[in-house]
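Visitor: Residue numbers for the sequence shown follow numbering that gives the first Met the number 0, beginning at 0 and rising by one.
Glycine residues also receive a C-beta, built at the ideal position from the N, C-alpha and C atoms.
For clarity, every value in this text was computed on a predicted model and none was experimentally measured.
Pasting in a structure now, in structure tokens, and then I'll have a few things to ask.
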Amino acid sequence: MNLYEYQGKQFFARYGIPVSPGEAARTVDEAVAAAERVGYPVVIKAQVQVGGRGKAGGIKLAANPDECREHATNILGMDIKGHTVEIVWVEHASDIAEEYYASFTLDRSAKKHLGMLSARGGVDIEAVAAHLKKQADVPVWLIGTSMGTFSAAGGAIAAKNVAGLVLTSTITSAQPDWEIARSHRDGVASMPLSQISVPALIVSHRNDGCRSTPAAGAAKLKDRLTKAAKVEVALLDGGAAPLSGPCEAKAQHGFFGIEAQAVDTIASFIKANIR
């Protein structure tokens with residue numbers, strides 16, 4: 000499933016999980032009418048399947064119909080990381096006491112469901128880095144794998160509290176049917192990597208069979224990390240015979256059979272570049 004936020008909340012409500020009252024709207028007039036029904040103040044939230052909505056201006060608080068109309072007008076049609084906003088979720092604003100992050104996903108390698116809970120929910124990666132730095136005065140490194148390399152690279156571009164960056168099995172070739180391909184044809188390599196100043200390590204399997212993460216893309220990334228304090232590329236070989244699709248964990252894409260070598264490579268680079 001690939002659900003929008005409003006669809007997930009509708010599912011929750013259907014099965015008795017408490018959610019704030021809200022309605023989906025495709026036009027400005029629908030948004031204003033929905034706000035009247037759910038009650039002010041409301042939050043107008045862009046419905047796109049990508050992170051960073053708030054920072055892009057896609058989430059706004061409205062205390063009255065005029066503010067609701069203004070925000071809905073600005074958000075509908077907005078482009079957020081290559082995704083055009085066609086729907087907004089109009090939700091009664093909550094009085095937030097605490098925020099947490101909870102996620103349930105599928106661990107394909109273990110063939111089991113995986114639940115994750117974090118006390119650092121409701122904040123972006125820059126805020127997490129700042130919090131960790133405040134809690135314990137240690138270097139904070141961002142590590143991303145496959146689709147996660149977008150978030151890791153984005154954090155290194157924007158955050159002030161990041162000490163280094165590690166990209167593994169990096170997306171460097173967006174597939175034509177991906178919405179993000181319109182703005183990021185070269186995947187992470189289409190991001191403003193020249194703004195990254197911290198040490199960066201690029202790890203790929205020489206025989207990665209995933210079309211979106213070819214080993215050849217590592218050179219492209221290195222060439223665009225022009226202002227990083229240090230850039231290294233590690234191309235690994237070997238491992239076990241694949242037991243999954245080429246873009247999944249139990250293949251060269253996930254360093255299957257040489258996981259320890261991949262971890263050692265990352266750990267050695269971090270230790271050598273701790274400031």
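What separation, rounded to the nearest whole angstrom, lies between the Cα atoms of Gln6 and Gly21?
Guide: Here the question's residue 6 lines up with position 7 in the sequence shown. Here the question's residue 21 lines up with position 22 in the sequence shown. Cα to Cα, the separation comes out at about 11 Å.
Visitor: Taking the alpha carbon of Leu234 as the point to measure from, which residue in Pro64, Lys249, Val202, Ala32 has its own alpha carbon closest?
Guide: Against the sequence shown, residue 234 aligns to sequence position 235. Of all alpha-carbon atoms in Pro64, Lys249, Val202, Ala32, the one lying nearest the alpha-carbon of Leu234 is that of Val202.
Visitor: How many Å lie between Gln194 and Val84 at the Cα?
Guide: The residue you call residue 194 lines up with position 195 of the sequence shown. The residue you call residue 84 lines up with position 85 of the sequence shown. So the alpha carbons of these two residues sit roughly 27 Å apart.
Visitor: In this structure, how does DSSP classify Gly81 when only helix, strand and coil are distinguished?
Guide: Locating residue 81 in the sequence shown gives position 82, counting from the first residue. Three-state DSSP puts Gly81 in coil, outside helix and strand.
Visitor: Enumerate, from N- to C-terminal direction, the unbroken beta strand (DSSP E) stretches of 3 or more residues contained entirely within the stretch 205–255.
Guide: Correct list: 230–235.
Visitor: Using 8 Å as the Cβ pair cut-off and three pairs as the minimum, do the stretch 73–89 and the stretch 20–40 touch?
Guide: yes
Visitor: Measuring alpha carbon to alpha carbon, tell me which residue in Ala259, Ser117, Thr171, Ala162 is nearest Gly237.
Guide: As a working note, residue 237 is residue 238 in the sequence shown. Answer by Cα proximity: Ala259.
Visitor: Taking the continuous beta strand (DSSP E) assigned at Thr144, which residues delimit it?
Guide: As a working note, residue 144 is residue 145 in the sequence shown. Unbroken beta strand (DSSP E) run through Thr144: 140–144.
Visitor: Report the three-state DSSP secondary structure of Val41 (helix, strand or coil).
Guide: Taking the sequence shown and counting its residues from 1, one reaches residue 41 at position 42. Strand at Val41.
Visitor: Do the stretch 10–20 and the stretch 46–54 meet, that is, are 3 or more Cβ pairs less than 8 Å apart?
Guide: no
Visitor: Do the stretch 170–179 and the stretch 238–246 make contact, defined as three or more Cβ pairs closer than 8 Å?
Guide: no
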